[in-house]
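Chemist: Dumping the structure here so I can ask a few things about it.
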Amino acid sequence: MQVGIDFGTSNTSVAVCGPGGTSLLELEPGSTSIPTAVFYGLDSGEYAVGSMALSEYESGEEGRLMRSIKSVLGSALIEEATEVGSRRLPFRDVIAHFLRRVIADAERLMGQRVQSVIQGRPVSFNDKHADLDQRGQTILESCLHEAGVADVEFLFEPVAAARSVVFPCGREKLIFVIDIGGGTSDFSVVRISDDNSEFDVLGSAGLYIGGNDFDHKLSFFELSRLFGNWETLELNGLPAPSGPYSTLSDWKSLNKLYTRETQKQISWMILNSPNSKAIRAFDDLVRNHEAHAYAKRTEQIKIGLSDTDQQVFTYDTPDAYLELLVARKTFEALIDDAVSRMDAVAMECLVRAGVSPDQVTDIVMVGGSTFIPLVQARLAGRFGNATLSANDRFGAVAKGLARHGAATGKV
0 MQVGIDFGTS
10 NTSVAVCGPG
20 GTSLLELEPG
30 STSIPTAVFY
40 GLDSGEYAVG
50 SMALSEYESG
60 EEGRLMRSIK
70 SVLGSALIEE
80 ATEVGSRRLP
90 FRDVIAHFLR
100 RVIADAERLM
110 GQRVQSVIQG
120 RPVSFNDKHA
130 DLDQRGQTIL
140 ESCLHEAGVA
150 DVEFLFEPVA
160 AARSVVFPCG
170 REKLIFVIDI
180 GGGTSDFSVV
190 RISDDNSEFD
200 VLGSAGLYIG
210 GNDFDHKLSF
220 FELSRLFGNW
230 ETLELNGLPA
240 PSGPYSTLSD
250 WKSLNKLYTR
260 ETQKQISWMI
270 LNSPNSKAIR
280 AFDDLVRNHE
290 AHAYAKRTEQ
300 IKIGLSDTDQ
310 QVFTYDTPDA
320 YLELLVARKT
330 FEALIDDAVS
340 RMDAVAMECL
350 VRAGVSPDQV
360 TDIVMVGGST
370 FIPLVQARLA
380 GRFGNATLSA
390 NDRFGAVAKG
400 LARHGAATGK
410 V
């Protein structure tokens, strides 16, 4: 059996293509998309993935939760290990464990062995270092082989997204794909002939910035102010150290908040600012191991600001009730530079393809961050002659990967 796997920074989906068409597998009851998360229990020694990983962590079970694990493929962290209780676990093993469980679930659902995978990948795991980009794909392929997959083919995720859409015959299509994932942003220009028999990739470009960077901006420059970031310490007049707040704002690094070194920093901040309710709240958050809950709430506020002009963040402690009103215009100002960098790479993609914006006939948008009004306006606003596809923005890549296998005779 062959499947298409969209191993995303935030969520993961699996699709199959058969006589009845292309379908997403229900990896969890009622859900075709699962969080890209792994939880290792300290007592049991076992690990859980997806929503079960989050549930076990939130239940208070002793262990280590890791999210956004795909993003380490494009960084030097992929060659490092992380602490899980008394043992050190290589990050590549974490990815392998997650994929092994996902593939086992696909085999259970389909009643067949997965022998071939069309695996999605960003245009660039790291747009600054070509060696890290190639190493990311090599390690991902080895993880799939470790899970028992014999044949692996890679396809750029935005190209897969274009494959997922059934376009009408009767006209040639020049499609611009905008794929804003959690860790990367990717763009492709695809030409499909008038009878849909020819599918040509004219150009692709990508960068190592995505929706998680929006979360980081929102947390570090806005929400973390509730917890003492940007404060001046009372007794010595020094600014509160930014390091712990940067860690709080990074999905990949949250576990570092619970190290003795970080807790010593926070204790030092309290010692030098004993009347700061904000810093004491930060201490409560860390002591109660609520960093992942905070990150989840940050993401929820980001999502909510796509539909409303403002969102409220609250945090309750024994000493104080903290509340912050976040306006959409504030959020947009924080992410403006990142969106501008995305826009520059989008234009670079058009140049590589030799296509001007007015030639584009269709736009395909993928990823939750494409619902952000500023992202839509900046990245899709210049295509005045194009039709915005009503595609599934969350399942498009997995479906397209499976359809690519069928179209190229890989099934």
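Residue numbering for the sequence shown is 0 to 410, as defined by numbering that gives the first Met the number 0. Ideal Cβ positions, reconstructed from N, Cα and C, are used throughout, including at glycine.
(1) From LEU131 to ILE138, what distance separates their C-alpha atoms?
(2) Taking just the CA atoms, how far does ARG377 sit from ALA363?
(3) How is CYS168 classed by DSSP in three states: helix, strand or coil?
(4) Residues in its own chain within less than 8 angstroms of GLY40 by CB, not counting five upstream and five downstream?
(5) Could you check whether the region 13 to 27 touches the region 100 to 114, counting it as contact only if at least three pairs of C-beta atoms, one from each stretch, sit closer than 8 angstroms?
(6) What span of residues does the alpha helix (DSSP H) with GLN358 cover, start to end?
(7) Should LYS127 go down as buried or exposed, given a rule of 16 or more other Cβ atoms within 10 Å for buried?
(8) Is the beta carbon of ALA161 sitting closer than 9 angstroms to the one on ASP5?
(9) Does DSSP put VAL285 in a helix, a strand or coil?
(10) Let me make sure I understand the geometry here. Which of VAL350, ASP306 and THR313 has the alpha-carbon closest to that of PRO372?
(11) Between the beta-carbon of VAL374 and the beta-carbon of ALA395, is there less than 9 angstroms?
(12) Which ranges would you report for the beta strand (DSSP E) in the region 59 to 99 if only whole runs of at least 3 residues count?
(13) State the beta-bridge partners of GLY119 as determined by DSSP.
(14) With a cut-off of 8 angstroms, do at least 3 Cβ pairs link the region 341 to 353 to the region 204 to 221?
(15) Flag this pair as touching only if the region 109 to 125 and the region 185 to 194 have three or more C-beta atom pairs under 8 angstroms; answer yes or no.
(16) Would you give the residue range spanned by the alpha helix (DSSP H) that VAL354 belongs to?
(17) Examine the ligand ADP and report whether any of its heavy atoms sits within less than 8 angstroms of the Cβ of VAL151.
(18) Note down, in chain order, each residue of its chain lying with its Cβ closer than 6 angstroms to the Cβ of ASP199, except the 5 sequence neighbours on either side.
(19) When DSSP labels each residue in this structure, what does TYR244 get in the three-state scheme?
(20) Would you call GLN118 buried or exposed, if buried means 16 or more other Cβ atoms sit within 10 Å of its Cβ?
(21) Distance, Cα to Cα, SER252 vs THR246?
(22) What does the Cβ neighbour count give for PRO157, buried or exposed, with the cut at 16 atoms within 10 Å?
(23) Considering Cα atoms alone, identify which of PHE312, ILE174, ALA405 and ALA277 is closest to ALA319.
(24) Taking a contact to mean a Cβ-Cβ separation below 9 angstroms, would you say ALA401 touches GLN133 in this structure?
(25) When you compare each of ALA326, PRO238 and ALA75 to ILE300 by their alpha carbons, which one comes out closest?
(26) Does the Cβ-Cβ distance between ASP193 and ARG224 come in under 9 angstroms?
(27) My assumption, with CB atoms under 8 angstroms, is that ARG381 sits in contact with PRO356. Please give the rounded CB distance.
(28) Whose C-alpha, out of SER163, ASP282, HIS144 and ARG279, is nearest the C-alpha of GLY20?
Modeler: According to the data block:
(1) By one-based count along the sequence shown, residue 131 stands at place 132. By one-based count along the sequence shown, residue 138 stands at place 139. For LEU131 and ILE138, the distance between alpha carbons rounds to 10 angstroms.
(2) Walking along the sequence shown from the start, residue 363 turns up at place 364. Walking along the sequence shown from the start, residue 377 turns up at place 378. Before going further, note that residue 363 is Val rather than Ala in the sequence given. Note on geometry: alpha-carbon atoms of VAL363 and ARG377 lie some 15 angstroms from one another.
(3) Residue numbering aside, residue 168 sits at position 169 when the sequence shown is read from its first letter. Judged by DSSP in its simplified three-state form, CYS168 adopts coil rather than helix or strand.
(4) Indexing the sequence shown from 1 puts residue 40 at position 41. The beta carbon of GLY40 sits closer than 8 angstroms to the beta carbons of TYR46, ALA47, GLU55, GLU60, GLU61 and GLY62 from its chain, once the five residues preceding and following it are set aside; these are given in chain order.
(5) When C-beta atoms of the region 13 to 27 are compared with those of the region 100 to 114, three or more pairs fall below 8 angstroms, so the two segments count as touching.
(6) Residue mapping note: residue 358 aligns to position 359 of the sequence shown, counting from 1. Neither: GLN358 is in no alpha helix (DSSP H) and is coded neither H nor E.
(7) Translated into positions along the sequence shown, residue 127 becomes position 128. Counting the other CB atoms within 10 Å of its CB gives LYS127 a total below 16, which places it among the exposed residues.
(8) The residue labelled residue 161 in the question sits at position 162 within the sequence shown. The residue labelled residue 5 in the question sits at position 6 within the sequence shown. No.
(9) Position 286 of the sequence shown, counted from the first residue, corresponds to residue 285. Taken through DSSP and simplified to helix, strand or coil, VAL285 comes out as helix.
(10) Your numbering for residue 372 matches position 373 in the sequence shown. Closest option to PRO372, Cα to Cα, is ASP306.
(11) The residue labelled residue 374 in the question sits at position 375 within the sequence shown. The residue labelled residue 395 in the question sits at position 396 within the sequence shown. No, the Cβ-Cβ distance between VAL374 and ALA395 is not below 9 angstroms.
(12) When DSSP assignments are scanned along the region 59 to 99, the uninterrupted stretches of beta strand (DSSP E) that are 3 or more residues long and fall wholly within it turn out to be 62 to 66, 80 to 83 and 86 to 89.
(13) Walking along the sequence shown from the start, residue 119 turns up at place 120. DSSP, once it has assigned bridges, lists LEU154 as partnering GLY119.
(14) Because the criterion of three Cβ pairs below 8 angstroms is met, the region 341 to 353 and the region 204 to 221 touch.
(15) With a cut-off of 8 angstroms, the region 185 to 194 and the region 109 to 125 count as touching, because enough Cβ pairs lie within range.
(16) Here residue 354 refers to the residue found at position 355 of the sequence shown. Annotation: VAL354 is outside any alpha helix (DSSP H) and is labelled neither H nor E by DSSP.
(17) Although the ligand ADP was asked about, the structure shown includes no ligands whatsoever.
(18) Counting from 1 along the sequence shown, the entry for residue 199 is found at position 200. For ASP199, where only same-chain residues beyond five positions count, the Cβ hits under 6 angstroms are ARG190.
(19) Taking the sequence shown and counting its residues from 1, one reaches residue 244 at position 245. Reduced to three states, the DSSP call for TYR244 is helix.
(20) Numbered from its first residue, the sequence shown carries residue 118 at position 119. Label assigned to GLN118: buried.
(21) On the sequence shown, position 253 is the one that residue 252 refers to. On the sequence shown, position 247 is the one that residue 246 refers to. Taking the straight line joining both Cα atoms gives about 6 angstroms.
(22) Mapped onto the sequence shown, residue 157 falls at position 158. It is buried - the Cβ of PRO157 has at least 16 other Cβ atoms within 10 Å.
(23) Along the sequence shown, one-based indexing puts residue 319 at 320. Proximity to ALA319 across PHE312, ILE174, ALA405 and ALA277 peaks at ALA277, based on C-alpha coordinates.
(24) For the purposes of this step, residue 401 is identified with residue 402 of the sequence shown, where counting begins at 1. For the purposes of this step, residue 133 is identified with residue 134 of the sequence shown, where counting begins at 1. No, these two residues do not count as a Cβ contact at 9 angstroms.
(25) Within the sequence shown, residue 300 is the residue found at index 301, counting from 1. For the residues ALA326, PRO238 and ALA75, the minimum Cα distance to ILE300 belongs to ALA326.
(26) Position 194 of the sequence shown, counting from 1, holds the residue named residue 193. Position 225 of the sequence shown, counting from 1, holds the residue named residue 224. ARG224 is positioned such that its CB atom lies no closer than 9 angstroms to that of ASP193.
(27) Position 382 of the sequence shown, counted from the start, is the residue given in the question as residue 381. Position 357 of the sequence shown, counted from the start, is the residue given in the question as residue 356. Going by Cβ atoms, the distance from ARG381 to PRO356 rounds to 5 angstroms, so yes, they are a contact pair.
(28) Within the sequence shown, residue 20 is the residue found at index 21, counting from 1. Distances from the alpha-carbon of GLY20 to those of SER163, ASP282, HIS144 and ARG279 put SER163 closest.
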